[in-house]
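In this text, residue positions in the sequence shown follow our numbering: the first is 20, and each later residue adds one.
We put the CB at the ideal spot given by N, CA and C, even for glycine.
A short worksheet on the structure shown next.
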Amino acid sequence: MIYVRLEERPENSNVKFKFIRKKIFNIKNRFMKLKEEKFENNILVTIPNLENITLNKLSKYIKVNCINRVCLSDNLLKNNVFMEFIKNEEIKVLDGKWLFKHLIGECAEYICSNKKENLGYQEISVLSKDINDIVVDAIKSLAPKIRILNVITVNENRFRKVERELYEEKGIVLNMNNNYKKSLMKSDIIFNFDFLEDEFNKYTIPKKTCIVNFENEIKINSKAFEGINANFYDIKMPRKYLKNSIYLKDFNSSVLYESYIYKRTSPKNIIKEIREDGVDISFLNGKNGRIRKNEYLNLSKKIAN
C-alpha cells in the first residue's frame with residue numbers, strides 16, 4: 020500500500036507569469052520522477068499535478084511496484100478527475116467507509132449520548148441488501164443492547180440464519196420485514212449499509228430520527244423530515260499514530276486510521292483493535308459538514324415535540 024498526495028501550489032495572479040511557469044514546469048515534468056518519501060515502513064508519493072504525463076507515471080509506478088491499495092489525501096479524494104483515473108487502475112481506495120461500518124456500536128452510543136437517552140430503550144433499524152461478516156456482526160452485537168432491532172432487506176432468506184441463531188442462543192426476536200410504509204416508522208436510529216437513494220426513499224421515514232449512511236450519500240426526499248442524515252464521521256487519531264502526522268497532514272484522520280488497521284480478518288478482531296486504541300466517534304458529518312451535538316436533542320423522546 021502507498022499514500023498519495025497532490026502537492027498544493029500557491030496561485031499567482033500574474034497571467035503571463037503563470038503561463039511561463041507552467042511551460043517550464045511541463046518541460047521539467049517530462050524528465051522528473053515522482054517524489055517518494057519513506058517513513059515507518061510506509062511510502063508517500065507526492066504528485067505535482069493531474070496532467071496526463073503525471074498520471075501515466077503514477078500508473079506505471081503502481082504496476083511496477085504491484086500496489087493493490089492506496090490511501091489518498093483529501094484533495095485527491097474530492098477530485099473527480101483523479102478518482103476516475105484511480106478507478107481505472109482497479110486498486111482498492113481506502114476512504115474510511117470500511118472503518119465506519121466497524122464503528123456501528125460507537126455510532127449508536129454517540130447518538131444516544133447526545134440525545135441524552137439510554138441505548139437500551141432504542142428501536143434501531145438496519146438496512147442491508149447484502150449479508151457479510153460485518154453486517155452479521157453488527158446485528159448480533161446490537162441486538163442484545165437495544166429494545167428492538169429491525170432488519171430491512173429485499174433478501175430476507177439470506178438473513179434467516181442470523182435470525183434463528185439470535186433466538187436459539189439468546190432468546191432475541193429479530194424483526195425482519197420489508198413493508199415500505201411501516202418498517203421504519205418507529206425507528207429512533209436507522210443504519211443504512213447499502214441501500215441507494217431511490218431504494219431508501221421508497222420507505223416512509225419518521226419525522227425525527229437519526230439516519231447514518233455507511234456507504235452511499237442519501238438525500239431524503241420527504242419534506243416532513245426534520246431529523247439527522249449523516250454520511251461520514253470524524254475520529255481523534257490514537258496517540259501511537261500521531262508521529263506520522265508530519266508526513267500525512269493533508270489526509271483525513273478517519274481515512275488514515277483505516278489505512279493503519281485495514282486487514283482481512285474477522286470483524287471481532289478489528290473491533291477489538293479499535294477498542295484497544297480507544298477510538299470513538301468525535302462527530303458525525305452531514306452534507307453541510309459536522310453535525311452539532313445539540314442537534315441530537317431535537318430527536319430526544321424526552322423532549323416534547
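>> Classify D156: buried if its beta carbon has 16 or more other beta carbons within 10 angstroms, exposed otherwise.
In response: buried
> Do the CB positions of G115 and E236 come within less than 8 Å of each other?
Replying inline: no
> How big is the Cα-Cα spacing for L303 and I62?
Replying inline: 30 Å
> Got a sec? Which residues, its chain only, sit under 7 Å from I21 by beta carbon, not counting five neighbours each side?
Replying inline: I62, V64, I86, V89
> Whose CA, out of R258, E136, P286, N176, lies closest to the CA of G297?
Replying inline: Closest option to G297, Cα to Cα, is R258.
> Where does N107 sit, in a helix, a strand or coil, going by DSSP?
Replying inline: Shown here, N107 sits in a helix according to DSSP, grouped into three states.
> Helix, strand or coil: which one does DSSP assign to G124?
Replying inline: helix
> Does the segment 176-196 come close enough to the segment 103-118 to have 3 or more Cβ pairs within less than 8 Å?
Replying inline: no
>> Only counting the same chain, and skipping five residues up and downstream in sequence, which positions put a Cβ closer than 8 Å to that of G305?
In response: I247, N248, A249, N250
>> Quick check: what's the CA-CA separation for M204 versus N84?
In response: 51 Å
> By the 10 Å Cβ neighbour count, where 16 or more other Cβ atoms means buried, how is L215 classified, buried or exposed?
Replying inline: exposed
> To the nearest angstrom, how far is it from the Cα of D217 to the Cα of K262?
Replying inline: K262 has its alpha-carbon roughly 43 Å from the corresponding atom of D217.
> So the beta strand (DSSP E) I86 belongs to, where does it begin and stop?
Replying inline: Note, I86: premise wrong, no beta strand (DSSP E); not H, not E.
>> With a threshold of 7 Å on Cβ separation, who are the neighbours of N271 within its own chain once the five nearest residues in sequence on each side are excluded?
In response: D93, G115
> Which one or two residues does DSSP pair with S144 in a beta bridge?
Replying inline: N169, I209
>> Between D269 and S301, how many whole angstroms is the CB-CB distance? I'm expecting something under 8 Å.
In response: D269 to S301, Cβ: 19 Å. No contact.
>> For I310, report the span of its alpha helix (DSSP H) as first-last.
In response: Here I310 belongs to no alpha helix (DSSP H), and DSSP marks it neither H nor E.
>> Per DSSP, what are the beta-bridge partners of I21 in this structure?
In response: V89
>> Taking only three categories from DSSP, how would you classify Y222?
In response: Three-state result, Y222: coil.
> By Cβ distance, which residues of its chain are closer than 6 Å to A323, with the 5 residues on each side in sequence left out?
Replying inline: Its pLDDT being 46, under 50, A323 is placed unreliably by the model, and the measurement read from it follows with that caveat. Counting only Cβ-Cβ distances below 6 Å, and skipping sequence neighbours, we find nothing.
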